[in-house]
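Read the structure below first, then the notes.
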Amino acid sequence: GSSTTAKGPPCRVVGGSLPVSISVVSTCSITSAPGTLNLGYSSFQATAAAGNSPFATRCSNGAPFRMSLSPTNGTVLGVAYSLRLGTTAGSATNISSTTTYNLSGTGSPVTYYVNATAAQGQVGTCASGTCQASSAPHTLLIEY
403 GSSTTAKGPP CRVVGGSLPV SISVVSTCSI TSAPGTLNLG YSSFQATAAA
453 GNSPFATRCS NGAPFRMSLS PTNGTVLGVA YSLRLGTTAG SATNISSTTT
503 YNLSGTGSPV TYYVNATAAQ GQVGTCASGT CQASSAPHTL LIEY
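Under my numbering, residues 403 to 546 are what the sequence shown spells out, in order.
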């Protein structure tokens, strides 16, 4: 017994395609949380007081998102203050939104600011020369 194997021309595939499908889920995170926002105030001061605390978020490139604070105001030691989110320290523009996705992710961490103001002329409550107190917590919300 001898056996022979028949050999044909080499097999060749032309024009084959392989579809690739990728699903990307957008995500956002706080990469650097805001710290304590210190707001110095003297009773009856003639100008408004201002302070800020930076924080950073990272959202998927092109992903729409929005941020907001709750509550946006408070009173500590008889001094009323308000908070807003901005792209710069002391920014007069409030980028906070609970209705529209007004921001777009870049894929990299972006620094934003919690800006605080307290109107001038407030009496405050302090039974000694200097008083310090903290507010109830404020929540920073990022929706995407």
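Backbone N, C-alpha and C fix where the C-beta goes; we use that ideal spot for every residue, glycine too. Keep in mind that this is a model prediction, so the values were computed, not measured.
For the pair Gln447 and Gln534, the CB atoms are not nearer than the 9 Å cut-off.
Under the three-state reduction of DSSP, Leu441 is assigned to coil, being neither helix nor strand. Per DSSP, the unbroken beta strand (DSSP E) holding Gly488 starts and ends at 481 to 488.
Around the C-beta of Arg468, 16 or more other C-beta atoms lie within 10 Å, and the residue is accordingly described as buried. When beta bridges are read from the DSSP output, Gly453 appears opposite Ala518.
Assignment of Leu505 by DSSP, reduced to helix, strand and coil, places it in the strand class.
Under the criterion of beta carbons closer than 8 Å, Ala451 and Tyr443 qualify as touching, at roughly 5 Å.
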